[in-house]
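Enquirer: Chains as they are written, first to last, in UniProt numbering: chain A, 1 to 311; chain B, 1 to 311. The C-beta atom is built at its ideal place from N, Cα and C for all residues, glycine as well.
1) Would a check of beta-carbon distances place residue 19(A) closer than 8 Å to chain B?
2) Answer with buried or exposed for residue 313(A), where buried requires no fewer than 16 other C-beta atoms within 10 angstroms of its C-beta.
3) According to DSSP, which residues form a beta bridge with residue 82(B)?
4) Where DSSP assigns a beta bridge to residue 274(B), which residues make up the other side?
5) Could you say which of 229(A), 165(A) and 169(A) lies nearest to residue 215(B) if we only look at CA atoms?
6) Are any of the Cβ atoms in chain B nearer than 8 Å to that of residue 44(A)?
7) Starting from residue 233(B), trace the alpha helix (DSSP H) both ways and give me its first and last residue.
8) Looking at residue 123(A) and residue 68(A), is the spacing between their C-beta atoms short of 8 Å?
9) Name the chain A residues whose beta carbon is nearer than 7 Å to that of residue 211(B)?
10) Kindly indicate which three-state DSSP category residue 179(B) falls into: helix, strand or coil?
11) Is the distance from the Cβ of residue 175(B) to the Cβ of residue 268(B) below 8 Å?
12) Do residue 148(B) and residue 303(B) count as a contact pair if the criterion is CB distance below 8 Å?
13) So, under 8 Å CB-CB, residue 307(A) and residue 108(A) are touching, yes? Tell me the CB distance rounded to an integer number of Å.
14) In terms of DSSP beta bridges, what is residue 26(A) paired with?
15) I'd like to know whether the C-beta atoms of residue 196(B) and residue 191(A) end up nearer to each other than 8 Å.
16) Quick check on residue 111(A): does DSSP put it in helix, strand or coil?
17) Scan the stretch 125-206 of chain A and note each continuous beta strand (DSSP E) run of 3 residues or more that stays entirely inside, going in chain order.
18) Examine the ligand FMN and report whether any of its heavy atoms sits within less than 7 Å of the Cβ of residue 11(B).
19) Please go through the same chain and pick out, in chain order, the residues whose beta-carbon is closer than 6 Å to the beta-carbon of residue 177(B), but skip the five residues on each side of it.
20) How would you write the range of the beta strand (DSSP E) that residue 258(B) sits in, first residue to last?
21) Rounded to whole angstroms, how far is the Cβ of residue 17(B) from the Cβ of residue 202(B), which I believe are closer than 8 Å?
22) Tell me which residues share the same chain as residue 194(B) and place their Cβ nearer than 7 Å to its Cβ, disregarding the 5 neighbours each side in the sequence.
23) Between residue 23(B) and residue 15(B), is the Cβ-Cβ spacing less than 8 Å?
24) What residues in the UniProt domain "GHMP kinase C-terminal" (210-286) of chain B bring their beta carbon closer than 8 Å to a beta carbon of chain A?
25) Residue range of the alpha helix (DSSP H) that residue 68(B) falls in?
26) Buried or exposed for residue 46(A), going by 16 or more other Cβ atoms inside 10 Å?
27) Scan the UniProt domain "GHMP kinase N-terminal" (67-149) of chain B for residues whose Cβ lies nearer than 9 Å to a Cβ of chain A and list them as they occur along the chain.
28) Is the beta carbon of residue 301(A) less than 8 Å from the beta carbon of residue 25(A)?
29) Return the first residue and the last residue of the alpha helix (DSSP H) that residue 243(B) is part of.
30) Locate the beta strand (DSSP E) running through residue 219(B), then write down its first and last residues.
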């Protein structure tokens, strides 16, 4: 085998009440990475498509190369590899763009090297890449992009990642408004200290969401999709946030929240028809607000990253 | 039918990471209430056994009578009832003593009146009694005492109570040291503001605990039984807290925490043998510390309150 191409899906981190501990993957979009053996002993990022020239080609800055490098170090191997990245995800949108690139690179390289790692064991390498891309080694995008479905990051030291069930018929609508929101700005509005009362409300809701996923109880999922510790502060950075939510819930959405640190919003719905109605309602309300928008909807991706071609 | 006697079990509220939102019931102990029709149109608390004369007989202060009164008001009925309470639970111990009395009184009265309410719908009346007994209308003792098993209180406005699964073979050991700890003191050491970081750690653990209960994953339950927002402050009020936990975990306990607001401690274990070993380890370590102790162990009670006699 000389070349492997893999796909890794977009992801929604935080999921309202699951701030910093939950994420899920969606089928609609993702990044594609081809990894090809080369005669050199180096990692090279040969080309990046779809990033508008914004991403670095240097191996110590590019998220794909950093992830692969971490993997090769763990294997104590020196292998020459050429990396070809096709971005399917917009940068800095809150859909796990850097995570999808790193995960697709790892999935392809793992197969190319004869699967030295279990899928789950690729996670630390993807987290290392997130550290370079985002300044913090979060797992709430890379874990669902790699493993699929809803994923709980219970702890980082040691890493404790739990795959949760996905109710049949759960759909996600993603709303990507055409403006930039820097992760740093979205982080800076958060509070260092929060009321104890808010912590227990958040705990109750995340417990309700987990129970709702296990029970396929869409009403319980809907009641639980509330974030009191991050969203109230971030919503002020997102024009029309509460009007959009009202319109989407009126169209049948179970709930709506900020995808990652925004500006993309996500809504969950029961059934395809409702997800379509929610998408239409989103287009209408954003038109009223006067913001351009891309809307995607899809089922939850339950398989995570996968190989699409081997040569 | 002239008389009904009902039993309601002891409960462990908080359950470490489930601070203020979780509770479970245990089979080992509980309160028993007999409710007898009388010719008067009044509620009377005729006798209380096992309280050392500490509990009030006045109908507007006694937790059984307050609960029944709330129920009768909802029914818009005037019924003369005599109440006989047998305390099986020590007062102010953190085992849901007032909750068990109120719940047993409601279970008995509901049957006596021909079951006008579904079991779950008795909850608001028990919460009203907790308000009188404890100064706060918490549901994390009354809900599991009434319904059995592990119960999540997701929200109070409106009340949202979710019964969670109980893994086969999950045992609880209760350690009741012979000293008093006032709930007010145990509350007063808590912080009004907590670090955001602690809130997300707590969320991760409670999410892990819920997933562990659904998956019957005892290892995950064990890893998740950590409380970072209340226990560190309360532990200082509990002599030998960390030594006791170390000894119990060495004996095989999945985890140990404070039952309600203490001073009783609870430990969870997989299997009866381990629960027995944990009980023995508890007796040994408390002897070393020099504190008298009652130890109980039992399976989780999954049926909640129940009628034991009708006449």
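Expert: Looking at the atomic coordinates:
1) For residue 19(A), the nearest beta carbon of chain B is closer than 8 Å to its own beta carbon.
2) Outside the displayed span of chain A (1 to 311) sits residue 313(A), for which this structure offers no information.
3) The beta-bridge partner set that DSSP reports for residue 82(B) consists of 36(B) and 44(B).
4) Residue pairing of residue 274(B) in beta bridges, as defined by DSSP: absent, with no partner found.
5) Put simply, of 229(A), 165(A) and 169(A) the residue whose alpha carbon is nearest the alpha carbon of residue 215(B) is 165(A).
6) Closer than 8 Å: no.
7) Per DSSP, the continuous alpha helix (DSSP H) segment holding residue 233(B) begins and ends at 231-234.
8) No.
9) Within chain A, the residues near residue 211(B) are 152, 162, 164 and 210.
10) Residue 179(B): coil per DSSP, three-state reduction.
11) Going by C-beta atoms, residue 175(B) is not nearer than 8 Å to residue 268(B).
12) Going by C-beta atoms, residue 303(B) is nearer than 8 Å to residue 148(B).
13) Contact between residue 307(A) and residue 108(A) holds: CB atoms are separated by about 7 Å, below the 8 Å threshold.
14) In the DSSP assignment, residue 26(A) forms a beta bridge with 10(A) and 300(A).
15) Taking 8 Å as the Cβ cut-off, residue 196(B) and residue 191(A) qualify as a contacting pair.
16) For residue 111(A), the three-state secondary structure derived from DSSP is helix.
17) Entirely contained in the stretch 125-206 of chain A, the beta strand (DSSP E) runs reaching 3 residues are, in chain order, 150-156, 159-164, 170-177 and 193-195.
18) As presented, the structure is devoid of all ligands, the ligand FMN included, so that no description of it is given.
19) Hits under 6 Å: 263, 291 and 293.
20) For residue 258(B), the enclosing beta strand (DSSP E) stretches over residues 255-258.
21) Between residue 17(B) and residue 202(B) the beta-carbon gap is near 6 Å, inside 8 Å, which marks them as a contact.
22) For residue 194(B), where only same-chain residues beyond five positions count, the Cβ hits under 7 Å are 229.
23) At the C-beta level, residue 23(B) and residue 15(B) come within 8 Å of one another.
24) So the list reads 210, 211, 214, 220, 223, 224 and 229, given in the order they occur along the chain.
25) Residue 68(B): member of the alpha helix (DSSP H) spanning 63-75, first to last residue.
26) Counting of Cβ neighbours within 10 angstroms places residue 46(A) among the exposed residues, the total staying below 16.
27) In summary, no residue of the UniProt domain "GHMP kinase N-terminal" (67-149) of chain B has a CB separated from any CB of chain A by less than 9 Å.
28) In contact: residue 301(A) and residue 25(A) (Cβ atoms closer than 8 Å).
29) Start and end: 241-250.
30) Run containing residue 219(B): none in the beta strand (DSSP E); it sits in the alpha helix (DSSP H), 218-224.
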